[in-house]
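Inspection log for the structure reproduced underneath, given as structure tokens.
2 protein chains.
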Amino acid sequence: MTAIPDPAKLSPDVPGTAVIAKTMRLLQAVADAKGPAKLGDLCRLTGFPRPTVHRLLAVLAAEGMIVADNASGAFTLGPRLISLAFLAWDGSDLRRIAQPFLVALRDSTDETVHLAVPSGAEMVYIDKLESRHVVRMASRIGTRVSLHSSSVGKAFLASLPVAALEKLLQGPQPLAYTPHTKTAWPDIGAEISATRSRGYALDLQENELDICCFGAAITGADGKAAGCISVSMPRYRFEAGQDHTILEALKDCVARIALALAAMPPG
Amino acid sequence: MTAIPDPAKLSPDVPGTAVIAKTMRLLQAVADAKGPAKLGDLCRLTGFPRPTVHRLLAVLAAEGMIVADNASGAFTLGPRLISLAFLAWDGSDLRRIAQPFLVALRDSTDETVHLAVPSGAEMVYIDKLESRHVVRMASRIGTRVSLHSSSVGKAFLASLPVAALEKLLQGPQPLAYTPHTKTAWPDIGAEISATRSRGYALDLQENELDICCFGAAITGADGKAAGCISVSMPRYRFEAGQDHTILEALKDCVARIALALAAMPPG
DNA sequence: ACAAAAAGTCCATAATATGGACAATCGATT
DNA sequence: AATCGATTGTCCATATTATGGACTTTTTGT
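Heads up: the sequence lines are chains A and B, in that order. All the letters of the first sequence, read from the start, carry residue numbers 9 to 275 under the working numbering. All the letters of the second sequence, read from the start, carry residue numbers 9 to 275 under the working numbering.
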């Protein structure tokens, strides 16, 4: 089973599968265009020639992955995706096991907490619980955040061996999401080191303005991060300085989840 | 697990896209195999030769649509797919608009209610609210149900013009899920007529034993069904006969949603 | 340690995805 | 209604690429 390609592969596609990569790119384009997207838009977004996009949209629609908004001819993500993925989400071992600990973490910190897993060169939130404060961080399951700007991303990077880390950083130039985002390689490297020695990651408005987060990795038996957890709060509440309490709760949470994971039945 | 392929499913394919159709079939196979699926299993499930499956799994993994369970080499749906699915779910106008009316329907009937949309030759639940009774129908978002056995399916079929209906019924022979399921064409046709004249659909343990449902379509401005809603309850409570109250609430619900949809901003 | 099963690789060949060029529609404007 | 510009849909010769039988390597079970 060595042939499992590394997740960060963007350029050297698996031989003999060009169409599929294109199809996925197109699907992603439909998803990224927040509203309904027309054929022309999608050509622009993907850079593929019109006949190609036309053909791929036709298959995706035939498969129910996307649906054409009647009359306007614009495309949206389809119900087939929901049927494919919700069951998997519901059954995700990591999510199921982490769930009660996430609840406890949210309750003890009273801030919004996230469970994220790596996906390519990004992290994806697969669960979240919101703070009960009136002013709180709102977010959505399924949201993708970058590795260099989010606390979960940094926690994940810091958990990697150097080789894997370097491969991930071959990607495109990191983007700045706020004036606080660090995009230069030395700065990001320093962040990773700091995260490693501290034992937790910080995001100080680097991903979203006025939001600060703590993050930590759930380290599996093999030393690899099974996922990462973050606690996110508005800047002013972060600055009020509950650091210690929150950090203890976070560290406790990831440790307990790691234990519960280790106690799992064989796959 | 519905084993083995139906080899004749190559007709309505968009020309020049055979791989993609295969890829989707494979993805579906990974999803349908409830747990982690190994390469061999997937060969059996799809009927594709081993090298083909191997190659397709490699792309899907490279794209993050599936992930290989480390060490066991078994595949599960990946976070990328989850991210796409939640975007689709979250972005559904129908779901967002229907939500408050669904809540009202659940509250007034105190039974489990579903919102379903057509996807290929099936219906997919895109939202649900559970009854607060101790004995109630449990279900999950993303579940697929067949057109001929479910109340939402029948409601949808009954809303179609004859031409579209016939095209859908070209598919494979309807399956029986319980001893009550009607699988013969004349019976199903009769059900559809009855649904049309009644204005609502019934499922009397045809989809699941001991569960009975009422269903109705949300008819859009163009006369097409944008989706369907069902109220599901245990048989004994159905037989107790709250028919009238529930039916009124259901009809009211779909009418209100149709109105709210019509009042939407342009696509 | 050995055999059987499963995963992974190769490569000549057939199949099919590609995209430039052209045709059909739609929608606004006069 | 007729015209123009923009957008979508179709065709098809060609080169690319997916295919799967046969073979090799790795894993599993005893």
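The beta carbon of each residue, even a glycine, is placed where N, CA and C say it ideally should be. Keep in mind it's a predicted model, so treat the numbers as computed, not measured.
- The residues P44, F83, T84, in chain order, have a CB closer than 8 angstroms to that of D77 (chain A) in the same chain once the five nearest residues on each side in sequence are set aside.
- Under DSSP, no beta-bridge partner is assigned to A166 (chain A).
- The beta-carbon distance between V121 (chain A) and V239 (chain A), rounded to whole angstroms, is 5 angstroms. This is short enough to meet the 8 angstroms contact definition.
- Between A209 (chain A) and P126 (chain A), the C-beta spacing is not below 9 angstroms.
- Fully enclosed alpha helix (DSSP H) runs of no fewer than 4 residues occupy 159-167, 170-176 of the stretch 135-201 of chain A, in order along the chain.
- Here I265 (chain B) has A106, F109, I226 as same chain residues with Cβ atoms under 6 angstroms from its own Cβ, once five neighbours each way along the sequence are excluded.
- Taking 9 angstroms as the threshold, the shortest C-beta distance from Q213 (chain B) to chain A does not fall below it.
- When DSSP reads this structure, H62 (chain B) sits in no beta bridge, so it has no partner.
- Nearest in C-alpha terms to L168 (chain B), of all of B:V75, B:A192, B:G235, is B:G235.
- Ranked by Cα distance from G128 (chain A), the options B:C220, B:A79, B:V67 are led by B:V67.
- Rounded to the nearest whole angstrom, the CA to CA distance from S116 (chain A) to A257 (chain A) is 7 angstroms.
- Residues of chain A with a Cβ closer than 7 angstroms to the Cβ of D118 (chain B) do not exist, since the nearest Cβ in that chain sits about 24 angstroms away.
- Fewer than three pairs of CB atoms, one per stretch, sit closer than 8 angstroms, so the stretch 55-71 of chain A makes no contact with the stretch 50-70 of chain B.
- Counting C-beta atoms within 10 angstroms of its own C-beta, E174 (chain B) has fewer than 16 neighbours from the protein chains shown and is therefore classed as exposed.
- Leaving aside the five residues that flank V143 (chain A) on each side, the residues in its chain whose CB is nearer than 6 angstroms to its CB run, in chain order, P242.
- The DSSP-derived three-state label of F222 (chain B) is strand.
- With fewer than 16 other Cβ atoms inside 10 Å of its own Cβ, Y244 (chain A) counts as exposed.
- With contacts defined by Cβ atoms closer than 9 angstroms, I237 (chain A) and L113 (chain A) form a contacting pair.
- With a threshold of 9 angstroms between beta carbons, V125 (chain B) makes contact with chain A.
- Close CB contacts of P87 (chain A) within its chain, under the 7 angstroms cut and outside five residues either way in sequence, are with G72 (chain order).
- Nearest to S154 (chain B) by alpha-carbon distance, out of B:C261, B:T191, B:K136, is B:T191.
- By alpha-carbon distance to F222 (chain B), the top candidate from B:T25, B:G161, B:R33 is B:G161.
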